[in-house]
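Trainee:
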Amino acid sequence: MSDLERALGEKISRCDLWRKNWRNRIYFVQFASGELAVAKQVVRGDDAMVQCQYDQLRALAALGIPGLHLPRALALIVPKRTVIMEFVPGPTLRELSRHDDSTDELVAVCELCGQILARIHLAWTQEIAPMPVEVLARDLAAAPWHLSSREKAILNSCLETLAQANVSVGQVCYDYQSKNLLYNKGELMENLLTPAIATPSARQAPRNVICI
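Residue 115 in this note's numbering sits at position 131 of the sequence shown, with consecutive numbering throughout.
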């Protein structure tokens, strides 16, 4: 905890292990001031991976896309492979889809997700080029499946059609997934650094911690 306090320059009242998997450990951090943060420590990875995630968070924030709120990165501790960012309240898109009474809201959120993703792709487009059907065909050929002759014919026909199309080529935001997208008060929060963070029932976040 002393490393966190030195990096943040603020006294920490508690730091609890919240969630973990084979790749990451997620810690719930509370400052002496009462504000909340989240610390992610990469267990399976290297310094470059942590730096890449941190840089992508800042790069997305710099785009200034309307409707997309990025959590503020508070500190990066490379030797500990740890990133600290502000706490993000709200349900994930995946959680929202499980509630029958949220159909209208879910449709609106999905539309917002599509609009934001289009803006990200537009900003990160490096060139307009033909669809790389050769790469697709190679990957599909290596897939562990068995296609009938009819299915193979349909697939080949699709690849021939796609070969005539020009597409945007550029950087991909791999973490733009339903489990990482939080929604609150009409805005989308992309949570790149932690998996599906929602407000813990035992520690309801103050409304002034995150403005979304």
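Positions of the beta carbon are idealized from the N, C-alpha and C atoms, including for glycine. Owing to the predicted nature of the structure, the values given are computational and were not obtained by experimental measurement.
Out of R(-2), E(-11), L172, S17, state which residue places its alpha-carbon closest to the alpha-carbon of G205.
Mentor: Residue 205 lies beyond the range of the chain shown here (-15 to 196); nothing can be said about it.
Trainee: Based on the DSSP output, what are the partners of D0 in its beta bridges?
Mentor: F12
Trainee: Would E111 and V153 qualify as a contact pair, given that the criterion is a beta-carbon distance under 8 Å?
Mentor: yes
Trainee: My output table needs one value for P190: the three-state DSSP class, helix, strand or coil.
Mentor: Here P190 scores only 25 on pLDDT, less than 50, and its place in the model should not be relied on; the value that follows carries that caveat. Residue state, collapsed to three classes: coil.
Trainee: Here's the rule: buried if 16 or more other CB atoms are within 10 angstroms of the residue's CB, otherwise exposed. What is T109?
Mentor: exposed
Trainee: Taking M33 as part of the alpha helix (DSSP H), name the residues at either end of that continuous run.
Mentor: Annotation for M33: the continuous alpha helix (DSSP H) segment containing it runs 31 to 47.
Trainee: If you reduce the DSSP assignment to three classes, tell me which class G154 lands in.
Mentor: strand
Trainee: Distance, Cα to Cα, R3 vs V91?
Mentor: 30 Å
Trainee: Below 7 Å CB to CB, which residues in the same chain sit around A189 once its five sequence neighbours on both sides are set aside?
Mentor: With a pLDDT of 30 at A189, under the threshold of 50, the modelled position of this residue cannot be trusted, and the question is left open.
Trainee: Quick one: using the 10 Å Cβ neighbour count with 16 as the cut-off for buried, is R65 buried or exposed?
Mentor: buried
Trainee: If we require 3 or more residues per run, which beta strand (DSSP E) segments fall completely within the segment 76 to 134?
Mentor: The beta strand (DSSP E) runs of length 3 or more contained entirely in the segment 76 to 134 are, from start to end of the chain, 109 to 114.
Trainee: If you compare alpha carbons, which of L52, I68, K169, P50 is closest to L58?
Mentor: I68
Trainee: Tell me which residues share the same chain as M115 and place their Cβ nearer than 7 Å to its Cβ, disregarding the 5 neighbours each side in the sequence.
Mentor: L146, A147, A149, V151
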